[in-house]
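Written out below as structure tokens is the structure these notes cover.
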Amino acid sequence: MRRNDRKINDIEEIESIIEKSNVCRVALSENNSPYIVPVCFGYKDNCLYFHSAMEGKKIDIIKKNNNICFEFDIHGGLLKSEKPCDWDIEYSSVIGFGKASFINGFNEKIKALKIIIEHYSKNSYDFQKKFIDNVTIIKVETENIFGKRSGYL
């Protein structure tokens, strides 16, 4: 990172940014071509969880290449200046890297879905077996993670 004064290494601060984020962007690569997709997510114990349909581009790519980069951010607004090149955006962001795997067991899928739901709601849900059988759950074990801030967040 070029601006070390903006780097965040403290894991509690990094997890606070993740907790405040509503969207995770997952970056994948297929045949040396990048692909990025926003997902609903849950994060717990240094692992990212997201769900997907049983098939599709994201699933196809992960089956071939399970290296993943992911990004979270929160914004505070535009920081204007007298000089246009000095404008900035107030933000905090987190970027991480890891290896994706598919969760296949029924109880493990429910546990991961609860982690995802807890990120967005305090409600608890009962899951129908047919729903669990027809959803793919991806777990990304984080290998490297860091944050960055700009402005006053």
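Position one of the sequence shown corresponds to residue 46 (my numbering), numbered consecutively onward.
The beta-carbon is built from N, C-alpha and C at its ideal position, and this holds for glycine as well.
Just so we're clear, the structure is a prediction, and the values are computed from it rather than from any experiment.
Worksheet item: Can residue 161 and residue 87 be called in contact, C-beta distance under 9 Å?
Response: yes
Discussion item. Within 10 Å of its beta-carbon, does residue 46 have 16 or more other beta-carbons around it, so buried, or fewer, so exposed?
Written reply: The pLDDT assigned to residue 46 is 49, lower than 50, so where the model puts this residue is not dependable, and the model offers no usable value.
Worksheet entry | CA-to-CA distance, residue 76 to residue 119, given in whole angstroms | 31 Å
Discussion item. Could you check whether the Cβ of residue 98 sits closer than 8 Å to any heavy atom belonging to the ligand ZN?
Written reply: No copy of the ligand ZN appears in this structure; indeed no ligand is present at all.
Worksheet item: Are there three or more Cβ pairs, one per stretch, closer than 8 Å when the region 145-156 is compared with the region 52-60?
Response: no
Practice prompt. Sort 135, 133 and 139 by Cα distance to residue 116 and report the nearest one.
Written response: Nearest C-alpha to residue 116 among 135, 133 and 139: 139.
Practice prompt. Please name the residue in 188, 184 and 190 whose C-alpha comes closest to that of residue 84.
Written response: 184
Discussion item. Quick test of the definition: if touching needs 3 or more C-beta pairs under 8 Å, does the region 60-74 touch the region 126-140?
Written reply: yes
Discussion item. For residue 94, count the other beta carbons within 10 Å of its own beta carbon; 16 or more makes it buried, fewer makes it exposed. Which is it?
Written reply: buried
Discussion item. Taking 8 Å as the limit between beta carbons, can you name the residues of its chain near residue 81, skipping five residues before and five after?
Written reply: 70, 71, 72 and 73
Discussion item. My assumption, with CB atoms under 8 Å, is that residue 158 sits in contact with residue 182. Please give the rounded CB distance.
Written reply: 7 Å
Discussion item. Would residue 89 and residue 111 qualify as a contact pair, given that the criterion is a beta-carbon distance under 9 Å?
Written reply: No, the pair does not count as a contact, with Cβ atoms beyond the cut-off.
Discussion item. Run through the DSSP bridge pairs and tell me what residue 78 is partnered with.
Written reply: 75
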